[in-house]
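Residue numbers (the working numbering): 12 to 480. Glycine included, each C-beta is placed from N, C-alpha and C at the ideal position. Nothing here was measured: the structure is a model prediction, and the numbers come from that model.
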Ligand code: NAD
């Protein structure tokens with residue numbers, strides 16, 4: 012059992028009147044207790060953030076920049092403790108692209124974002140007028156995060172908000188609340204009271220925040236279905252919104268690609284974090300002429316990956332995060348099998364404890380199968396055969412989602428041309444899912460509204476004021 016971890020409201024530790032179980036996905040057993048905030052505590056957290064905003068927005072820019080670096084310093088000092096907690100509740104391995112990697116990502120993002128500036132822009136300065144464009148903070152930002160990359164996404168929300176002079180109330184997913192609550196406890200050391208507050212509880216806490224009159228902006232990362240509810244609930248008070256929602260990214264392998272050269276990139280594009288990644292490769296379209304070669308190369312990569320409890324240093328992938336998700340993924344694979352798809356590896360739910368599901372490669376998958384048309388969000392990759400690249404592009408674009416997409420080819424000119432025809436926020440060439448703090452990231456269509464990262468992401472935490480003299 013983890014030691015007691017509390018909510019943070021107005022710089023104080025709050026134990027909460029009730030608590031709920033947090034499950035270790037590797038065992039299916041209770042890993043810890045999480046305090047559940049009441050509606051009154053949600054109000055207190057928003058009020059504390061509102062009170063802190065009055066001062067925080069007036070502080071010199073250099074002070075806020077230093078505070079964001081101090082956040083990175085705290086994460087660095089406590090990286091191993093947080094990584095262990097993350098593995099305990101999320102299931103991802105300590106090693107590989109797991110918890111330690113997530114912490115390093117969070118630290119890197121915090122530092123890069125700390126150093127971003129939004130200087131005043133001079134729009135006109137002549138005998139007629141001087142017109143300046145200023146960026147002002149919005150107020151209290153409500154951050155709502157999912158269970159797949161809890162700490163990295165929390166940092167993606169918190170740091171740009173604080174950097175630009177806002178204050179924050181964060182609500183992590185009830186599946187993975189402890190690492191975020193603990194991180195916020197640790198950050199009390201470097202942030203003024205009320206600048207960062209953390210509450211936790213079941214899903215129905217979310218609407219209390221997204222409809223709260225004291226909240227100016229919602230930054231939400233999660234499913235498209237919930238994102239729509241957030242938007243509806245935020246409408247009454249005209250909150251600013253950034254919505255980072257689900258994806259069903261397609262990758263298209265052209266006939267001139269070298270299967271052995273691209274296999275690792277394809278594999279980790281799809282199976283990073285067990286496929287529980289918004290911009291993971293979720294549908295792979297491969298030209299008929301190299302279809303079996305690509306499938307064989309993917310199988311070879313899969314054979315070298317150890318799946319096991321995240322706490323085992325040897326594990327490279329862990330369990331699926333929760334039972335519902337594991338069962339959903341298993342159901343999608345069963346449906347594909349029944350519809351005539353070929354399971355190349357995996358596809359059988361193992362016995363034993365925990366929410367494990369094997370790496371599953373599905374050949375002879377076709378559009379129309381649920382495992383292709385829906386975001387699986389698990390360790391499963393359907394491989395679809397095509398013979399006409401125009402048809403593959405049409406299939407890739409025939410989706411409500413528009414987060415990412417990729418083209419795999421040794422002809423970079425052609426790959427760039429086709430990449431730009433993909434309807435998505437990020438189009439990759441010979442890679443998939445690479446995101447960086449210096450490149451804006453966001454979805455089109457049902458994958459979201461707005462972007463995170465880089466200057467454009469930072470601007471979303473501000474409003475424009477024009478000063479005209
Ligand atoms: P989810 O939508 O179920 O939950 C996300 C968060 O919303 C949780 O904190 C949850 O408690 C909260 N919530 C639930 N109901 C709410 C409501 N009515 N109002 C406000 N908040 C509410 O998503 P999940 O299952 O935790 O995460 C997986 C999904 O997130 C996938 O679809 C994935 O693609 C998406 N995702 C997107 C990105 C991106 O950047 N585009 C990144 C990571 C994950």
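Counting along the chain, where does the alpha helix (DSSP H) carrying residue 79 start and finish?
Looking up residue 79 in the chain shown gives position 68. It spans 72-88 - the alpha helix (DSSP H) in which residue 79 sits, taken as one unbroken run.
Which two residues bound the contiguous alpha helix (DSSP H) that contains residue 296?
Here residue 296 is taken as the residue at index 285 of the chain shown, counted from 1. From DSSP, residue 296 is part of no alpha helix (DSSP H) but of the beta strand (DSSP E) over 292-298.
Less than 8 Å between the CB of residue 421 and some heavy atom of the ligand NAD, yes or no?
The residue you call residue 421 lines up with position 410 of the chain shown. No, Cβ of residue 421 sits at least 8 Å from all heavy atoms of the ligand NAD.
If you count every other CB in all the chains shown that lies within 10 Å of the CB of residue 182, and 16 or more means buried, which is it?
One-based indexing of the chain shown puts residue 182 at position 171. By the 10 Å Cβ count, residue 182 comes out buried.
Under DSSP, the beta strand (DSSP E) around residue 474 begins and ends at which residues?
Numbered from its first residue, the chain shown carries residue 474 at position 463. Note, residue 474: beta strand (DSSP E), 473-479.
Under 8 Å by Cβ, that's how I've got residue 390 and residue 285 pegged, so tell me the actual separation to the nearest angstrom.
Against the chain shown, residue 390 aligns to sequence position 379. Against the chain shown, residue 285 aligns to sequence position 274. Going by Cβ atoms, the distance from residue 390 to residue 285 rounds to 5 Å, so yes, they are a contact pair.
Find out if the Cβ-Cβ distance for the pair residue 189, residue 100 is shorter than 9 Å.
In the chain shown, the residue the question calls residue 189 occupies position 178. In the chain shown, the residue the question calls residue 100 occupies position 89. Going by C-beta atoms, residue 189 is nearer than 9 Å to residue 100.
In the structure shown, what three-state DSSP assignment does residue 359 receive?
Taking the first residue of the chain shown as position 1, residue 359 is located at position 348. Three-state result, residue 359: coil.
What separation, rounded to the nearest whole angstrom, lies between the Cα atoms of residue 58 and residue 475?
Residue mapping note: residue 58 aligns to position 47 of the chain shown, counting from 1. Residue mapping note: residue 475 aligns to position 464 of the chain shown, counting from 1. If I take the Cα positions, the gap works out to 24 Å.
What's the gap between the Cα of residue 149 and the Cα of residue 250?
Numbered from its first residue, the chain shown carries residue 149 at position 138. Numbered from its first residue, the chain shown carries residue 250 at position 239. Whole-angstrom Cα-Cα distance: 10 Å.
What residues in its chain sit with their C-beta under 7 Å from that of residue 167, if we drop five residues either side in the sequence?
Position 156 of the chain shown holds residue 167. Contacts found: 120 and 463.
Using DSSP's beta-bridge definition, name the partner residues of residue 148.
Position 137 of the chain shown, counting from 1, holds the residue named residue 148. Looking at the DSSP assignment, residue 148 forms a beta bridge with 473.
Is the closest heavy atom of the ligand NAD to the C-beta of residue 169 under 8 Å?
Here residue 169 is taken as the residue at index 158 of the chain shown, counted from 1. Incorrect: residue 169 has no Cβ contact closer than 8 Å to the ligand NAD.
Run the CB neighbour count on residue 12, radius 10 Å, all protein chains shown included, and call it buried at 16 or more, exposed below.
Mapped onto the chain shown, residue 12 falls at position 1. Because residue 12 carries a pLDDT of 48, less than 50, the predicted location of this residue cannot be relied on, and no value is offered for it.
When DSSP labels each residue in this structure, what does residue 12 get in the three-state scheme?
In the chain shown, residue 12 corresponds to position 1, counting from 1. Low confidence applies to residue 12: its pLDDT is 48, below 50, so where it sits in the model is not reliable, and the reading given next is rough at best. Residue 12: coil per DSSP, three-state reduction.
Measure the beta-carbon distance from residue 261 to residue 296 and round it to whole angstroms, keeping in mind my assumption that it falls under 8 Å.
Position 250 of the chain shown, counting from 1, holds the residue named residue 261. Position 285 of the chain shown, counting from 1, holds the residue named residue 296. With a Cβ gap of about 6 Å, residue 261 and residue 296 count as contacting.
Exposed or buried, which one is residue 74 when buried takes at least 16 other CB atoms within 10 Å?
Indexing the chain shown from 1 puts residue 74 at position 63. Classification for residue 74: exposed.
If you follow the alpha helix (DSSP H) that residue 136 is part of, which residue opens it and which one closes it?
The residue given as residue 136 occupies position 125 in the chain shown. Note, residue 136: premise wrong, no alpha helix (DSSP H); beta strand (DSSP E) at 132-136.
How many Å lie between residue 470 and residue 110 at the Cα?
In the chain shown, residue 470 corresponds to position 459, counting from 1. In the chain shown, residue 110 corresponds to position 99, counting from 1. If I take the Cα positions, the gap works out to 29 Å.
Decide if residue 15 is buried, meaning its Cβ has at least 16 other Cβ atoms within 10 Å, or exposed.
Translated into the one-based positions of the chain shown, residue 15 becomes position 4. Burial call: exposed.
Which residue's Cα is closest to the Cα of residue 468: 82, 392, 23 and 255?
Working through the chain shown from its first residue, we reach residue 468 at position 457. Comparing Cα-Cα distances from residue 468 to each of 82, 392, 23 and 255, the minimum goes to 255.
Do you know offhand how far residue 309's Cα is from residue 273's?
On the chain shown, residue 309 is found 298 positions in, with the first residue counted as 1. On the chain shown, residue 273 is found 262 positions in, with the first residue counted as 1. In a straight line, the C-alpha of residue 309 is about 9 Å away from that of residue 273.
Tell me the residue span of the beta strand (DSSP E) that contains residue 190.
As a first step, residue 190 is located in the chain shown; it is residue number 179 there, counting from the start. Note, residue 190: premise wrong, no beta strand (DSSP E); alpha helix (DSSP H) at 189-198.
Rounded to whole angstroms, what is the Cα-Cα separation between residue 246 and residue 457?
In the chain shown, the residue the question calls residue 246 occupies position 235. In the chain shown, the residue the question calls residue 457 occupies position 446. Their backbone Cα atoms lie some 18 Å apart in a straight line.
Who are residue 452's beta bridge partners in DSSP?
Position 441 of the chain shown holds residue 452. Bridge partners of residue 452: 463.
What do you reckon, are the CB atoms on residue 174 and residue 127 nearer than 9 Å?
Locating residue 174 in the chain shown gives position 163, where the first residue counts as 1. Locating residue 127 in the chain shown gives position 116, where the first residue counts as 1. Result yes, Cβ atoms of residue 174 and residue 127 sit closer than 9 Å.
What does DSSP give as the partner residue(s) for residue 46 in the beta ladder?
Within the chain shown, the letter at position 35 stands for residue 46. DSSP lists 30 as partners of residue 46.
Does any heavy atom of the ligand NAD sit closer than 8 Å to the C-beta of residue 435?
What you label residue 435 is simply residue 424 of the chain shown in a count that begins at 1. It does not: the Cβ of residue 435 is nowhere closer than 8 Å to a heavy atom of the ligand NAD.
When you measure from the CB of residue 184 to every non-hydrogen atom of the ligand NAD, does any distance come out below 8 Å?
Counting from 1 along the chain shown, the entry for residue 184 is found at position 173. Yes, the ligand NAD has a heavy atom inside 8 Å of this Cβ.
Please return the same chain residues whose Cβ sits closer than 7 Å to the Cβ of residue 336, not counting the five positions on each side in sequence.
Position 325 of the chain shown holds residue 336. Once the five neighbours on either side are set aside, the close Cβ partners of residue 336 are 388 and 389.
Could you give the distance in angstroms between the alpha-carbon of residue 27 and the alpha-carbon of residue 19?
Position 16 of the chain shown, counted from the start, is the residue given in the question as residue 27. Position 8 of the chain shown, counted from the start, is the residue given in the question as residue 19. Roughly 10 Å separates the two Cα atoms.
Residue range of the alpha helix (DSSP H) that residue 167 falls in?
Looking up residue 167 in the chain shown gives position 156. From DSSP, the alpha helix (DSSP H) with residue 167 extends over 161-174.
How many angstroms separate the CA atom of residue 334 from the CA atom of residue 102?
As a first step, residue 334 must be located in the chain shown, where it is residue number 323. As a first step, residue 102 must be located in the chain shown, where it is residue number 91. Taking the straight line joining both Cα atoms gives about 12 Å.
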